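Per our numbering: the sequence shown = residues 12 to 138. C-beta: ideal position from N, C-alpha, C; glycine also. Remember, predicted model here, so these are calculated numbers, not experimental data.
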Amino acid sequence: MNTVLYTTDFEPITVVDLPMWMLEHIEKYGACKVAVKRPVTADFIEKVAVGTVEGPECVTIQQARLKWHDGSIKTILITKDEVLALSLKPEWLPGQRLQIQNMEVAIGFLGKALKQQLRKNNLDDNL
Numbered sequence: 012m013n014t015v016l017y018t019t020d021f022e023p024i025t026v027v028d029l030p031m032w033m034l035e036h037i038e039k040y041g042a043c044k045v046a047v048k049r050p051v052t053a054d055f056i057e058k059v060a061v062g063t064v065e066g067p068e069c070v071t072i073q074q075a076r077l078k079w080h081d082g083s084i085k086t087i088l089i090t091k092d093e094v095l096a097l098s099l100k101p102e103w104l105p106g107q108r109l110q111i112q113n114m115e116v117a118i119g120f121l122g123k124a125l126k127q128q129l130r131k132n133n134l135d136d137n138l
């Protein structure tokens, strides 16, 4: 389910797609941790100390209940891990999806054109 994740100051961070079981867990226990996937870079191995046993970085998502203007109680999801939460995979809103798809197509087209030019000019040693 698409859910807006807020800071503790009620600033929206991102929209994420959380499974129903996770939302039920947050409802029942008040919080949940979500692992953040980080890309493995070329110097990743050098940055990790030998013998370190580190798990993935996690964003803790908590619930807050707000009394709405009509007297009903609304639940919002908040996190203190604001910067790390930006690393979560965003779920695009319906009005944003077409632009994102167009951008992905354009990036693919430009990537192919760049590779063709590199091969044409014999600059493709690393491809």
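Helix, strand or coil: how does DSSP classify residue i here?
{"i": "Pro30", "result": "coil"}
{"i": "Asn13", "result": "strand"}
{"i": "Lys123", "result": "helix"}
{"i": "Lys44", "result": "strand"}
Look at the Cβ atom of residue i, then the Cβ atom of residue j, and state whether they are nearer than 8 Å.
{"i": "Ala96", "j": "Ile37", "result": "no"}
{"i": "Asn13", "j": "Glu93", "result": "no"}
{"i": "Val45", "j": "Leu99", "result": "yes"}
{"i": "Val47", "j": "Pro30", "result": "no"}
{"i": "Thr74", "j": "Gly119", "result": "One point to set straight first is that residue 74 is Gln, not Thr, in the sequence displayed. No, Cβ-Cβ distance for Gln74 and Gly119 is not below 8 Å."}
{"i": "Thr19", "j": "Lys91", "result": "yes"}
Using the rule of at least 16 other Cβ atoms within 10 Å of the residue's Cβ for burial, across every protein chain shown, is residue i buried or exposed?
{"i": "Ile89", "result": "buried"}
{"i": "Val70", "result": "buried"}
{"i": "Ile72", "result": "buried"}
{"i": "Val116", "result": "exposed"}
Going along the chain, which residues of its own chain have a beta-carbon closer than 6 Å to the beta-carbon of residue i, five neighbours each way excluded?
{"i": "Arg76", "result": "Ile84 and Thr86"}
{"i": "Cys43", "result": "Met33, His36, Ile37 and Ile72"}
{"i": "Asp28", "result": "Asn13 and Glu102"}
Can you find the residues in the same chain that come closer than 8 Å, C-beta to C-beta, to residue i, ignoring five residues on each side of it along the sequence?
{"i": "Leu34", "result": "Met12 and Thr14"}
Check your understanding: In the region 62–100, which residue ranges form an unbroken alpha helix (DSSP H) of at least 4 residues, counting only runs that do not cross its ends?
Key -> 93–96
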